[in-house]
Amino acid sequence: MLGTTQIVDILLAETSETVANPWIPVVSDAVKIGLGAFIAGSFAIAGAIVASRRKLRESSVVDRREQLRELGSRFERINTHFRENATSLLARFEIEAEFPQEDEGFEITLDQAQAMLKDKGLEALHELHEIEGRLGLLGLFVIAATVEAYRHLVTRISEFDEHKTPEDKRKFANWYLAEMTEGRLLFVTQMAVEYKKT
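For the sequence shown, our numbering assigns the number 30 to the initial residue and increments by one for each residue that follows.
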């Protein structure tokens with residue numbers, strides 16, 4: 030056991046050391062507080078970065094889906110317009126093939142329908158080209174190639190003039206409608222797969 034004098038001597042030695050170097054406990058406490066704040070700040074920054082990346086990824090997915098929806102609806106609008114007009118033209122060819130008419134008015138109507146389809150075709154070509162470019166920018170090169178093939182099909186609308194007989198025109202219109210349907214089906218399938226991926 031230590032005696033009282035020994036305990037007093039030990040306390041005086043510690044006190045004289047603390048009095049001689051009063052900054053040691055202050056620095057020690059400051060270092061402990063500083064390190065604690067640094068560690069807490071590092072975790073807060075890391076958490077904010079992770080949350081920011083997650084939020085950015087989610088908004089990117091939403092934005093990509095919205096772009097796919099918009100491009101799909103534009104393509105569908107073009108396809109619907111062309112199918113309706115090509116179907117109407119096909120019906121007129123069928124009527125002309127079954128009931129040849131001497132009336133000049135029918136021919137004018139048929140020519141007007143073909144001219145309208147070609148005019149709309151130019152507008153559609155520009156819009157399809159834009160859709161194709163945006164799909165390329167999104168990195169969807171296979172779907173862009175499908176739109177390109179469909180765009181080339183739209184350019185073939187001018188071949189209606191090359192077919193002179195109503196029967197040839199009807200065959201071409203049937204082939205054209207079948208190709209349009211196939212192109213649309215391929216586009217819609219590819220878009221659905223891509224939409225599901227995102």
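C-beta atoms are modelled at their ideal positions from N, C-alpha and C, and glycine is treated no differently.
Got a sec? Which residues, its chain only, sit under 7 Å from residue 208 by beta carbon, not counting five neighbours each side?
What you label residue 208 is simply residue 179 of the sequence shown in a count that begins at 1. Taken in chain order, the residues that qualify are 182.
Endpoints, alpha helix (DSSP H) assigned at residue 193:
Your numbering for residue 193 matches position 164 in the sequence shown. First-last for residue 193: undefined, no H or E at that position.
Does the contact criterion of 3 or more C-beta pairs under 8 Å hold for the region 103-121 versus the region 53-69?
no
Burial state of residue 175 (16 or more Cβ within 10 Å)
Working through the sequence shown from its first residue, we reach residue 175 at position 146. Flag for residue 175 reads buried.
Option nearest residue 203 by Cα separation, candidates 188, 162, 75, 221:
Here residue 203 is taken as the residue at index 174 of the sequence shown, counted from 1. Residue 203 has its Cα closest to that of 188, out of 188, 162, 75, 221.
Mind checking residue 212: buried by the 16 CB within 10 Å criterion, or exposed?
Position 183 of the sequence shown holds residue 212. It is buried - the Cβ of residue 212 has at least 16 other Cβ atoms within 10 Å.
Under 8 Å between the Cβ atoms of residue 167 and residue 96?
Within the sequence shown, residue 167 is the residue found at index 138, counting from 1. Within the sequence shown, residue 96 is the residue found at index 67, counting from 1. Yes, these two residues count as a Cβ contact at 8 Å.
Residue 153 vs residue 161 beta-carbon contact at 8 Å:
Sequence index remark: in the sequence shown, residue 153 carries index 124 (1-based). Sequence index remark: in the sequence shown, residue 161 carries index 132 (1-based). No, Cβ-Cβ distance for residue 153 and residue 161 is not below 8 Å.
Hey, how far is the Cα of residue 184 from the Cα of residue 110?
The residue you call residue 184 lines up with position 155 of the sequence shown. The residue you call residue 110 lines up with position 81 of the sequence shown. Their backbone Cα atoms lie some 15 Å apart in a straight line.
Alpha-carbon spacing of residue 223 relative to residue 157, whole angstroms
The residue given as residue 223 occupies position 194 in the sequence shown. The residue given as residue 157 occupies position 128 in the sequence shown. So the two alpha carbons sit approximately 19 Å from each other.
Judging by CA-CA distance, which residue of 59, 76, 93 is the nearest neighbour of residue 164?
The residue you call residue 164 lines up with position 135 of the sequence shown. The option with the nearest alpha carbon to residue 164 is 93.
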